[in-house]
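In what follows, a structure is listed as structure tokens, so that the remarks can point back to it.
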Amino acid sequence: MCCQDPLSPCTRLFYRYRDLAPQLVPLDYSDKPDVMLPYELISSMPELKDNPFRQRIAEVFSEDGEGNMTLDDFLDMFSVLSEMAPRDLKAYYAFKIYDFNNDDYICKSDLEKTVNKLTRHELTPEEVSLVCEKVIEEADLDNDGKLSLEDFQHMIVRAPDFLRAAAATVKGYCH
Amino acid sequence: MAMEVEEGSAAESEENDKTEENKTDGDDEGDQKPDPVHRVPRKRPQRIRVGLESDSDEEVGKSRKNRANQKSKEEGGEDGEDEEKGGKKGRGKNDKKNDKKGKKEKANKKKKDKKKSGSGSDSDSEEEPITEEELAKLKEEVEEKKKLIATLRNKPWKMKKKLAVLKEAQLFVEKFEGALGKGKGKKFYAYKVMMMKKWLKFQRDFENFKTACIPWEFKIKEIESHFGSSVASYFIFLRWMYGVNMILFGLSFGLVMIPEALMGKPYGTLPRKTVPRAEEANAMNFATLWDFSGFAQYSVLFYGYYDNKRTIGWLKFRMPLSYFLVGVGTIGYSFMVVIRTMAKNAHDDGGGDDTSFNFSWKMFTSWDYLIGNPETADNKFASITTSFKEAIVEEQESRKEENIHLTRFLRVLANFFAFCTLAGSGYLIYFVVRRSQQFALEGMDNLGWWERNEVNMVMSLLGMFCPTLFDVISSLENYHPRIALRWQLGRIFALFLGNLYTFIIALMDDINLKLEEEKIVRYNMTIWEASLYNGTIPENATAPPIQVDPADVPRGPCWETMVGQEFVRLTVSDTVTTYITILIGDFLRAVFVRFFNYCWCWDLEYGFPSYSEFDISGNVLGLIFNQGMIWMGSFYAPCLPAINIFRLHTSMYLQCWAVMCCNVPQERVFKASRSNNFYMAMLLFILFLSTLPVVYTVVSIPPSFDCGPFSGKTRMYEVIGETLEHDFPSWFAKVFGYASNPGLILPFILLMVLGIYYLNATSKSYKEANLELKKKLQMQAEENKKRNKQKAQKTNEMEENPLDPDPPQPKPKKEETSSANQANGEAQKTTNPPQQQGPAPNGRYPSQGRGENLAPPPRVAVTRPPAPRGPDMPGHASGVPRGQPRMPMGPPR
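Protein chains in written order, with UniProt numbering: chain A, 1 to 175; chain B, 1 to 893.
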């Protein structure tokens with residue numbers, strides 16, 4: 001609905017999308033060009049460029065799973081990352097972001113990847129595995145040695161600053 | 001209506017096109033779908049997907065033909081079930097419609113074509129007469145659609161779908177709201193959303209503003225991210241101290257120094273406000289000023305300068321009273337603020353944060369998605385690493401298995417050693433002080449350098465070596481580093497108390513000497529005055545000797561100013577020593593290690609000198625004792641808080657810089673609470689100790705006769721009585737007199753003690769109740785976990801049932817859980833090979849982007865019934881596995 005107004009965040013986002021590659025994205029979208037921005041361009045956005053999970057974020061939201069984004073994917077990403085997005089939605093996408101191997105579970109290797117991304121490989125392997133074990137021990141409700149979406153949501157909604165942390169500076173939202 | 005929607009920005013029109021395209025796609029998919037879909041009504045993801053895309057068309061068509069009534073019954077039934085998750089009503093509808101889909105597919109297609117061609121047919125439907133029931137039905141549907149619009153954002157669909165659904169719902173609402181006579185909903189909703197956004201933004205900005213207002217927050221955060229919360233706790237303490245000193249400075253500066261400087265008599269009018277003739281020559285030398293004598297001594301900076309007139313200036317400012325009250329207020333405020341902070345911290349700590357998901361939260365929520373600048377990101381990485389390290393240390397500590405007897409023995413031994421060290425140094429100090437007193441009695445002239453500086457030397461030697469010794473001792477104890485730091489702090493604190501003791505003893509001796517001197521001066525003074533009168537105006541004794549320059553008047557030693565000077569000098573020299581230590585001990589060492597490492601025979605950086613760690617205990621104690629000096633001295637030197645402000649301010653910057661550039665983090669970074677009550681407790685103790693001498697001097701030593709605001713009185717506190725007498729009505733003085741009667745005060749004190757006892761007892765019982773509750777909560781959480789485990793196990797077993805005809809065999813749980821998915825997949829493979837097109841073997845769609853995975857994936861894998869599922873049914877809603885009893889019979893054909 002917000003898309004009807006030329007000043008709406010949706011339009012703004014479109015211009016941001018276009019600014020990433022003005023030579024690729026046409027101003028006029030009425031003949032639905034099949035435009036896709038490569039991951040390199042997406043990840044260079046100020047919102048993402050310092051984020052350790054930028055590649056995952058782009059992958060999760062892109063249709064081809066490689067981080068190349070159409071305008072739709074782009075709008076989608078910002079809609080979820082905006083602070084207006086509800087908690088459950090954020091949790092759902094956060095789960096997908098942390099699920100590196102796309103198997104619908106956060107398993108130990110996913111956790112290890114997460115820790116290494118967060119700490120830039122500063123922890124020793126023993127420390128990393130200790131941390132991962134602790135996480136699974138804490139959050140795994142059904143004791144299957146990995147975190148399902150349910151486990152993840154159960155844990156994350158209790159986090160005191162989850163919403164704040166997940167609210168990106170993205171000013172726009174749209175659907 | 002359609003036109004309206006299509007007008008808009010470029011982006012928008014694009015969306016429209018996509019929507020159209022999408023619709024056709026959806027229908028095609030729908031056509032391909034095998035019939036069994038509507039036989040099994042509990043399938044989610046795929047159905048929703050198709051339903052979403054097709055339901056739009058259907059909806060329009062349905063409404064157009066007013067077919068809604070037919071469905072009403074079904075809808076009621078199904079909606080009830082589907083609403084279990086709340087706010088997913090749209091989904092429920094979709095399910096329902098989808099069931100009908102198979103039948104209506106053809107009709108839908110036709111209708112879609114019609115709709116695309118134009119909205120002409122819409123209008124004639126509106127003209128049809130609408131019955132009451134239909135109206136109600138419509139209303140309901142409109143409401144439903146509205147709800148869908150409102151909750152659309154919560155749905156993890158992709159943009160295309162959302163747009164399609166949204167557009168459809170909007171169209172519907174717009175159309176029929178008009179028919180129902182209300183169309184304001186959308187605008188109001190948009191307005192609400194906008195206001196909501198504005199409000200959120202404002203809140204965020206306000207938060208940012210508040211954080212920006214906290215001084216040095218960023219610096220401290222930066223340090224915390226690299227050095228851990230223990231080092232940061234020192235800087236937070238320093239900042240807190242700065243705040244307290246600001247208030248003290250405000251009091252002494254605003255109510256004492258400024259009024260005296262502005263309204264009091266100017267320099268040179270009174271003997272106490274003039275540099276004596278003998279000192280005049282070098283009163284402005286830098287060395288003299290640096291020593292706070294000369295002009296500095298005869299200025300508002302010190303006690304002696306203040307006039308003892310009851311009121312000064314045109315404001316009739318009660319200078320002596322103000323001076324006294326500021327002194328009392330400084331101490332009172334300090335007590336209050338320390339105790340209040342302690343209580344607040346205890347409250348914060350006692351509240352306790354839920355640590356059941358400590359590591360998980362650290363892992364999944366610690367990254368701040370608002371970070372958009374590389375430097376901040378670096379800090380954040382460092383801080384996350386540090387916090388992980390801290391948490392790991394805690395974890396390792398709690399896991400550590402140790403020989404309890406050996407540890408106890410070692411700890412007792414360590415405490416014994418520490419006690420011996422303390423007792424030894426205590427005796428040494430006592431001995432040295434007594435010796436120096438003896439020397440002072442005998443006279444200083446015939447003593448060597450060592451005898452003169454014995455006390456100072458012994459003190460600094462002790463201060464140098466004992467902390468190291470304590471460090472060695474504490475390695476025996478094998479405590480958690482946080483506890484070890486506390487012990488270290490406590491021991492050095494006890495050692496420093498000796499320092500304080502010697503200082504106060506020396507000061508008291510000095511004061512006594514000065515008092516003796518004062519007596520002599522006073523005697524001489526009368527003689528001098530007499531001679532003055534005799535010499536100049538022999539007859540008329542009442543007229544004052546105007547000719548005498550104030551600088552020439554002989555004066556007493558003014559012990560108060562002397563005490564103030566001592567404290568100021570001490571503070572300044574302490575500051576300078578600290579800074580020099582930082583520069584040499586940290587900076588030069590770091591430079592040396594860094595650059596000589598290229599040409600040295602061993603590794604300097606990791607070998608012997610290495611970089612220094614930040615000495616938390618030393619710095620905290622330095623700060624605390626310095627503050628003690630301020631409290632003791634500020635009564636006699638009103639400038640002391642100002643000097644301290646300067647010191648704290650500079651040391652904040654200097655130490656921050658030194659830490660960031662020359663220190664390395666501790667080997668074991670440990671977690672310390674941001675508000676450290678242990679520091680506060682020590683501070684409170686020091687405050688108490690430093691109040692004692694001040695109160696003693698105020699109450700029991702007569703003030704100097706010729707300097708300071710209280711000159712001429714026998715005791716300083718008499719200024720209160722004087723004020724009561726002169727400035728208050730007589731009844732007030734009477735009341736005050738009665739109230740200060742011991743007969744009233746003693747019961748009052750008793751009452752207060754009883755009150756404290758009562759509050760203490762209640763707070764203790766609350767604490768216990770709190771602990772109990774916490775324990776209960778923990779137990780419950782554990783129980784839940786166990787129950788979940790059992791549940792999972794059970795479902796696992798049930799799942800395996802259809803595989804083998806035998807009753808479930810008890811299997812080791814681990815194997816089950818690990819193989820659950822596989823078994824599941826295999827079950828599907830073996831039981832219904834022809835239905836393989838949909839989900840991948842493990843019940844999951846092949847990940848081709850997120851398009852396929854958009855609907856929430858199966859919640860708990862193991863609750864999934866294995867066999868009887870269609871190809872387009874990847875998962876099962878969590879909760880009651882309704883179809884399970886029938887499972888063993890195999891898939892319905």
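Glycine included, every Cβ here is placed at the ideal spot set by N, Cα and C.
Bridge pairing for N663/B: S612/B [DSSP]. Listed in chain order, the non-local C-beta contacts of S44/A below 8 Å within the same chain comprise L20, local neighbours out to five positions each way being set aside. Sorting T341/B, S252/B, Y579/B and A681/B by C-alpha distance to the C-alpha of P320/B places S252/B at the top.
Counting along the chain, L251/B sits inside the alpha helix (DSSP H) bounded by residues E217 to S252. As for any alpha helix (DSSP H) of minimum length 4 sitting wholly inside the region 426-481 of chain B, the runs are 449-477, ordered along the chain. For I429/B, the closest C-alpha among the options F417/B, N453/B and G448/B is that of N453/B.
9 Å or more divides the Cβ of K775/B from the Cβ of E127/A. Taken in chain order, the whole beta strand (DSSP E) runs of length 3 or more contained in the region 715-781 of chain B number zero. Under the three-state reduction of DSSP, L604/B is assigned to coil, being neither helix nor strand.
Note on the region 31-91 of chain A: whole alpha helix (DSSP H) runs with a minimum of 4 residues are 39-43, 54-61 and 71-81, in chain order. I492/B carries a helical assignment under DSSP once its states are collapsed to helix, strand and coil. The beta carbon of A484/B sits closer than 6 Å to those of S474, all from its chain and outside the five residues before and after it, given in chain order. For I624/B, the closest alpha carbon among the candidates Q396/B, L648/B and K201/B is that of L648/B. The residues S225, in chain order, have a CB closer than 6 Å to that of S383/B in the same chain once the five nearest residues on each side in sequence are set aside. Its chain contains no residue whose beta carbon lies nearer than 6 Å to that of D104/A once the 5 sequence neighbours on both sides are disregarded. With its beta carbon less than 9 Å from one in chain A, Y369/B belongs to the interface. DSSP places A590/B in the uninterrupted alpha helix (DSSP H) bounded by R589 to F596.
F95/A places its beta carbon 9 Å or farther from that of K113/A. DSSP, read as helix, strand or coil, puts I483/B in helix. Contact annotation: W314/B and C656/B have beta-carbon atoms that are not nearer than 9 Å.
When DSSP states are grouped into helix, strand and coil, I371/B belongs to the coil group. Under the 9 Å criterion on CB atoms, G372/B is classed as interfacial with respect to chain A. Straight-line spacing of the CA atoms in S711/B and V244/B works out to 30 Å. Pairwise C-beta distances place the region 54-66 of chain A out of contact with the region 118-138 of chain A, as fewer than three of them are shorter than 8 Å.
Counting along the chain, P125/A sits inside the alpha helix (DSSP H) bounded by residues P125 to A139.
Assignment of L147/A by DSSP, reduced to helix, strand and coil, places it in the strand class.
Closest in alpha carbon position to T269/B, among L238/B, D307/B and M257/B, is D307/B. Residue-level contact by beta carbon fails for M36/A and chain B, as no gap is shorter than 9 Å. The secondary-structure analysis by DSSP pairs I312/B across a beta bridge with F317/B.
Listed by position along chain B, the residues whose Cβ is nearer than 7 Å to that of E122/A are T385. Here F152/A is not near L71/A, since their CB atoms are 9 Å or more apart. Taking a Cβ-Cβ threshold of 7 Å, the residues of chain A close to E395/B are L130 and K134, in chain order. Taken atom to atom, the span from the alpha-carbon of P481/B to that of S387/B is near 15 Å. Counting the other Cβ atoms within 10 Å of the Cβ of I630/B gives 16 or more, which makes it buried.
Close to N788/B, with beta-carbon spacing below 9 Å, are these residues of chain A in chain order: L141, D142 and N143.
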